[in-house]
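Chemist:
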C-alpha cells in the first residue's frame, strides 16, 4: 500500500497514549475473552482443528505489529471474530461520534493518490471509481482496489468540506464477501472506525445508500409497497389489507416495543378473533426479546409446541453480564425471576456448562378458530429472537412462512457486553449453545426457509394477499 506518514510533532503525552492502546495488547484481550467465554468457541475450533485455528490467530497477531496497526486494529479484530462465523460475536462503537481525537487523527496513514489515478478511476464501472456522499455532497472519495490481508478495496478521500478530512485519508475499507458486498470499517466523521457492510448496486452506481458514482444518472426513487411517497413507516403498526385480512408489522422485537404490540393486540382483539387471515410482517426484524412476540402465540397455536433448550457456559464474565440485565427497569418480573434463578445456578457451577432452560412441550394454549390462516413475512435480515419465534410458529398448521431465508443467527445466543481494554469499543458475545446442534438442527448461517419464496423486487404484500385469498 502506497502510504506516507503524516508529519507531525507529537508531545510525550500523546506518545504514551498511543503506546497504551497497543493493538497487539487489545487483540490478545479480545482473544482471551472469546476463548474463555464465547459459547461457540469449542465447536468452531473443533471444526477448524486446533492447528488451523492457531495458524489463523498467528497470522492476525503478526498484523497487530505492523506500522499502521493502531488505525487498522478494529479491522484486525473483526477478522479474528469472523473465524467463528457467528452473528452473535462482534463489537460496536463506544465513543461520542461528535468528539474528534486529534492525536488519533494525526497518527492516521495517508494514501498518496495521484491525478493520473483519479483520471483512470473516473472511467471505471466496477467497485473502483469516484463517488460522492449523497447526504450533503461534503465528501468525494476514490474507491481503489488494494488487496491486502485485511482489505480488498479502500475508499480514499480526495475532496471534503470537513476540516479534519484531508486528501488521502481512508473513509472506508473492506474485504469482499461476494461480488457485490464488502465487509469492513467505515471511518466516522470523528475518524473513529465502526464495522460496516458495503453493497454495490443500482447498475454499479451506488455503494450502500451513501455513495453515488460521479456522473451517474440520478436514481429513480420508488415508494415502498402500500405506502405513499415520503411516508415514514413506523416500526410497529397495523392496518386492514382487506375485509378478510389484518396486517401487523413488527420491525423489531426490542423490549421497548412490547407496549405498542400489546396495545394493538388489545385494541383489535375482537377483530383478531373473527377475521379469516392474519399477516405478521417480521421483515428486517433482527431480534430482541422473546417477551415481545410471546403475546402473538395464542393467535397461531394449533398444537403443542416443542421447545429445545440451551446450555450456558457459567463463567465469571457471563455472570456479571447477566447481572447487568437485572438493571433494566422494563424487564418483566417473570423474566427477572427466571434470570435470578439462572444466575444462582451459574454461581454454583462456575467454569461448567449448565442447563439454561429445559426442553419443553408447551400445551398451555387453546386453539382459536380465528384467524384461520397466518402468513409470516420473513427476509434475510430476520434473526436471533425472531428466529426463536419462527421455530415455534412454524409448528402451527395455520402458519405459512413467505419470503426468503432468514439470516441464521440463533444456535449461539443470549449475548452480553464487555468493554475493550483500551480502544473505544464494546465486545458482544453469545453465552448460550442450543441443544438443537446436538440433534443436527442448527440454523446458523443457513437460516429458516419459507414455504413460498418471493423475489426481492416483487410486491410482497400483494403476493401475500394472493396466497391467502385466492
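Numbering (mature numbering (1 follows the signal peptide of the UniProt record, and there is no 0)), first residue to last: -22 to -1, 1 to 448. Even glycine gets a Cβ: it sits at the ideal position worked out from N, Cα and C. All of these numbers come straight from a predicted model, not from anything done at the bench.
1) Taking all protein chains shown into account, do 16 or more other C-beta atoms lie within 10 angstroms of the C-beta of residue 177, making it buried, or fewer, making it exposed?
2) Go through its chain and collect everything with a Cβ distance to residue 164's Cβ below 7 Å, but skip five positions before and after it.
3) For the stretch 51 to 58 against the stretch 35 to 42, are there 3 or more C-beta pairs whose distance is under 8 Å?
4) Of all the options 350, 72, 120, 63, which has the alpha carbon lying nearest to the alpha carbon of residue 399?
5) Using a Cβ-Cβ cutoff of less than 7 Å, which residues in the same chain neighbour residue 269 once the five nearest sequence positions on both sides are dropped?
6) How many Å lie between residue 77 and residue 290 at the Cα?
7) Hey, residue 137 and residue 118 are a contact pair by Cβ (cut 8 Å); roughly how many whole angstroms apart?
8) Would DSSP call residue 207 helix, strand or coil?
9) Below 8 Å on the Cβ atoms is my contact criterion, and I expect residue 446 with residue 223 to pass it. Report the Cβ-Cβ distance as a whole number of Å.
10) Suppose you measure from the CA of residue 209 to the CA of residue 414; what does that come to, to the nearest Å?
11) Helix, strand or coil: how does DSSP classify residue 144 here?
12) Pick helix, strand or coil for residue 118, following the three-state DSSP scheme.
13) Quick check: residue 364 and residue 390, are their CB atoms within less than 8 Å of each other?
14) Is the beta carbon of residue 380 sitting closer than 8 Å to the one on residue 430?
15) Tell me which residue opens and which closes the beta strand (DSSP E) that residue 255 is part of.
16) Take residue 262 and list the residues in its own chain whose beta-carbon comes closer than 7 Å to its own, dropping the five residues that flank it on each side.
17) Say whether the stretch 366 to 382 touches the stretch 346 to 356, bearing in mind that this needs 3 or more beta-carbon pairs closer than 8 Å, one atom from each stretch.
18) Rounding to the nearest angstrom, what Cα-Cα distance links residue 264 and residue 93 in this structure?
19) One question on the structure: do residue 9 and residue 58 come within less than 8 Å of each other, judged by their Cβ atoms?
20) Of all Cβ atoms in chain C, is any one closer than 8 Å to the Cβ of residue 313?
21) By the three-class DSSP mapping on this structure, what secondary structure does residue 68 have?
22) Which partner residues does residue 431 have in the DSSP bridge list?
23) Rounded to whole angstroms, what's the CA-CA distance from residue 315 to residue 276? Just pull it up for me.
24) Spatial neighbours of residue 31 within its chain, please: C-beta separation below 6 Å, excluding the five flanking residues on both sides.
25) Let me know the secondary structure DSSP gives residue 444 once reduced to three states.
26) Roughly how many angstroms lie between the CA atoms of residue 349 and residue 287, to the nearest whole one?
27) Between residue 425 and residue 91, what straight-line distance do the alpha-carbon atoms span, to the nearest angstrom?
28) Under 7 Å from any heavy atom of the ligand FMN, does the C-beta of residue 44 make it?
29) Note down the Cα distance separating residue 361 from residue 412, rounded to an integer number of angstroms.
30) Just to confirm, are residue 387 and residue 427 a CB contact at a threshold of 8 Å?
31) Buried or exposed: where does residue 113 fall if 16 or more other Cβ atoms within 10 Å of its Cβ makes it buried?
32) Report the three-state DSSP secondary structure of residue 126 (helix, strand or coil).
33) Please report the residue range of the alpha helix (DSSP H) in which residue 415 lies.
34) CA-CA distance, residue 294 and residue 308?
35) Is residue 336 helix, strand or coil by DSSP?
36) Closest to residue 128 by C-alpha separation, out of 341, 38, 213, would be which residue?
Modeler: Once the coordinates are examined:
1) exposed
2) 150, 171, 172, 174
3) yes
4) 72
5) 233, 236, 310, 313
6) 39 Å
7) 4 Å
8) Unreliable positioning characterises residue 207 in this predicted model, as indicated by a pLDDT of 36, which lies under 50. The coordinate reading is nonetheless provided below. For residue 207, the secondary structure class from DSSP, reduced to helix, strand or coil, is coil.
9) 6 Å
10) Confidence at residue 209 is low in this model, with a pLDDT of 42, below 50, so its placement is unreliable and the value that follows should be read with caution. When rounded, the distance between both Cα atoms is 42 Å.
11) Residue 144: coil per DSSP, three-state reduction.
12) Looking at residue 118 - three-state DSSP - the assignment turns out to be strand.
13) The answer is no: Cβ separation not under 8 Å.
14) yes
15) Residue range 255 to 259 is occupied by the beta strand (DSSP E) that includes residue 255.
16) 229, 357, 359
17) yes
18) 43 Å
19) yes
20) No chain C appears in this structure, which consists of one protein chain only.
21) strand
22) 381
23) If I take the Cα positions, the gap works out to 23 Å.
24) The residues are 23.
25) Three-state result, residue 444: helix.
26) 29 Å
27) 42 Å
28) The ligand content of the structure shown is nil, which means the ligand FMN is not present either.
29) If I take the Cα positions, the gap works out to 15 Å.
30) Their beta carbons are not under 8 Å apart, which means residue 387 does not touch residue 427 by this criterion.
31) With fewer than 16 other Cβ atoms within 10 Å, it is exposed.
32) Coil at residue 126, not helix or strand.
33) DSSP places residue 415 outside any alpha helix (DSSP H), giving it a letter other than H or E.
34) 25 Å
35) coil
36) For the residues 341, 38, 213, the minimum Cα distance to residue 128 belongs to 38.
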